[in-house]
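Notes follow once the structure below has been shown.
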Amino acid sequence: MSRIIQTADSEVRMQLATGFVLALLIGLASAAPVSNEKHGKFVVTREFFPESLVVYSGEHEIVNIFVPLNGLNYAEKPDDDRKIILFFVEADEDDSGKRIDQGLYVLKDGVPKKLLDHGRDASAANDDSQEVYFAAEDGIYLYNPEENSAEKYGTVSDSIIGIAKENNSDVIYILTEDFEVFRVSEAGEKKEKIEEIVGAQQIVLDYKNNLYFYDADKQPFVYSKDGVKKIEGTPEHAVKAHLLKPSLYTEDSVPFIVDGKIYILYADGSAQPFDIEIAPDAQPSAYSMETMLMQYYALDNKIYEFDIMDIMIDGILNTMKEILQHYMDIIQEILAMEIFNSK
Numbered sequence: 000m001s002r003i004i005q006t007a008d009s010e011v012r013m014q015l016a017t018g019f020v021l022a023l024l025i026g027l028a029s030a031a032p033v034s035n036e037k038h039g040k041f042v043v044t045r046e047f048f049p050e051s052l053v054v055y056s057g058e059h060e061i062v063n064i065f066v067p068l069n070g071l072n073y074a075e076k077p078d079d080d081r082k083i084i085l086f087f088v089e090a091d092e093d094d095s096g097k098r099i100d101q102g103l104y105v106l107k108d109g110v111p112k113k114l115l116d117h118g119r120d121a122s123a124a125n126d127d128s129q130e131v132y133f134a135a136e137d138g139i140y141l142y143n144p145e146e147n148s149a150e151k152y153g154t155v156s157d158s159i160i161g162i163a164k165e166n167n168s169d170v171i172y173i174l175t176e177d178f179e180v181f182r183v184s185e186a187g188e189k190k191e192k193i194e195e196i197v198g199a200q201q202i203v204l205d206y207k208n209n210l211y212f213y214d215a216d217k218q219p220f221v222y223s224k225d226g227v228k229k230i231e232g233t234p235e236h237a238v239k240a241h242l243l244k245p246s247l248y249t250e251d252s253v254p255f256i257v258d259g260k261i262y263i264l265y266a267d268g269s270a271q272p273f274d275i276e277i278a279p280d281a282q283p284s285a286y287s288m289e290t291m292l293m294q295y296y297a298l299d300n301k302i303y304e305f306d307i308m309d310i311m312i313d314g315i316l317n318t319m320k321e322i323l324q325h326y327m328d329i330i331q332e333i334l335a336m337e338i339f340n341s342k
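Structure follows, in structure tokens:
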């Protein structure tokens, strides 16, 4: 992260440090919601995405990034310097707005590899396993870490656009191309339609296995053992919406970005606005903040990696350096005046 210090001026460094401290709070807001009355709104601009942080650059739009919070990234291994393993999806649109799949990739040891030509989404439980499940045009696939490949899982053959793996069970939720949601279990052999969920455009699970989705009108809902509940408190006439996979430190909430504004959705059906806004020309096409301290954003066909601790430390050190330099300048001026007056 020293590259930032070498290439960015002090103002940009401070914006990065301040902005991503606030970004850290997004995942923690469910525990201590931020009051709009006490804090001013912070706007994320393109300045927050320096080229020095790019870890991947492609030819197609990156529409999904996923970092597994399981043994794939957090198992005890002798190599403490190993890189985070992440998965991402590329896709384009034709003139009619129809999606054109460009592949699901893994970025392992800094090297990208296409796993599926028609992969659309990825999910994993928060456990010690190394299992990652993929949604694809012809069903569900499972990641093989030894071969760095994807293998067919179960008997589901639907064209799937979304997938979410429960914690502490073998249940997988899938969202089909027809916007229907199914519960898949028994090693991918059993599939049950969830009739209560209608017209879902995207699905995301929190860590208590509550399933969040939004409909064609960009209105969010949550599905639990009590059925479907509409979440109140988000804009009624949104143009663009995206559910984010929750951070490691939350339980019953997920972030929701609507037209550049950020909300925290809760399992009780409420929503909390968060005082970070993303400028129209800086809205990432994909996000991953699950790990909190290592965050990934896609913009202009590139993936940016943010090491939050390094950014915070760099910002603090440079602020202290600037303050000390300021006072040293004042002290030197006073000493010069004292010497001049003593003559």
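Quick note: the sequence shown uses numbering that gives the first Met the number 0, first residue 0, plus one each step. Quick reminder that beta carbons are idealized off the backbone N, C-alpha and C, glycines included.
Check                                                                                                                           : Outcome
Spatially closest choice to Gly118 from Asp94, Tyr132 and Gln282, by CA coordinates                                             : Tyr132
Inter-residue spacing [alpha-carbon to alpha-carbon] between Glu276 and Ala121                                                  : 27 angstroms
Assigned secondary structure, Tyr248 (DSSP; H/G/I helix, E/B strand, else coil)                                                 : coil
Residue from Asn125, Gly102 and Ala124 with nearest C-alpha to Leu114                                                           : Gly102
Secondary structure of Ala409, DSSP reduced to three states                                                                     : Given a span of 0 to 342 for the chain in the structure shown, any question on residue 409 remains unanswerable.
Residues near Ile171 in its chain [Cβ-Cβ closer than 8 angstroms; skip 5 each side]                                             : Ser122, Tyr132, Ile139, Ile162, Ala163, Lys164, Glu165, Arg182, Val183, Ser184 and Gly187
Neighbourhood of Asp108 by C-beta distance below 7 angstroms, restricted to the same chain and skipping five residues each side : Lys82
Close-in-space but distant-in-sequence residues of the same chain around Asp205 (CB under 8 angstroms, 5 per side omitted)      : Tyr211, Pro245, Thr249, Glu250, Asp251, Ser252, Val253 and Ala266
Neighbourhood of Asn209 by C-beta, 8 angstroms cutoff - its chain only, sequence neighbours within 5 removed                    : Val221, Tyr222, Ser223, Asp251 and Ala266
Which listed residue (Val42, Tyr73, Thr154 and Phe255) has its alpha carbon closest to that of Glu231                           : Phe255
Residues of its chain near Leu27, where Cβ-Cβ distance is below 7 angstroms and the 5 sequence neighbours each way are ignored  : With a pLDDT of only 36 at Leu27, under 50, the local geometry of the prediction cannot be trusted, and no value is derived from it.
Distance, Glu145 Cα to Ile159 Cα                                                                                                : 25 angstroms
Every unbroken beta strand (DSSP E) inside the segment 170 to 231 [3 residues or more]                                          : 171 to 175, 180 to 184, 189 to 192, 201 to 204, 210 to 213, 219 to 223 and 226 to 229
Assigned secondary structure, Phe41 (DSSP; H/G/I helix, E/B strand, else coil)                                                  : strand
Leu68 (DSSP reduced to helix, strand or coil)                                                                                   : coil
Backbone CA spacing between Asp157 and Glu136 [nearest angstrom]                                                                : 7 angstroms
Pair within 7 angstroms by beta-carbon distance, Asn72 and Val88                                                                : no
Nearest-angstrom beta carbon gap, Lys229 and Asp258 [assumed within contact, 8 angstroms]                                       : Contact doesn't hold; Cβ gap of about 19 angstroms is too wide.
Contact set for Ala281: own chain, Cβ-Cβ below 8 angstroms, skip 5 residues either direction                                    : Val43, Thr44, Arg45, Phe47, Phe48 and Leu298
Local Cβ density within 10 Å of Lys97, reported as buried at 16 or more and exposed below that                                  : exposed
Expected contact under 8 angstroms - CB spacing of Val66 and Leu85 to nearest Å                                                 : 5 angstroms
Residues near Asp93 by beta carbon distance below 8 angstroms, same chain, minus five either side                               : Ile99
Sequence-distant residues of its chain with Cβ nearer than 6 angstroms to Pro234 (five each side left out)                      : Val257
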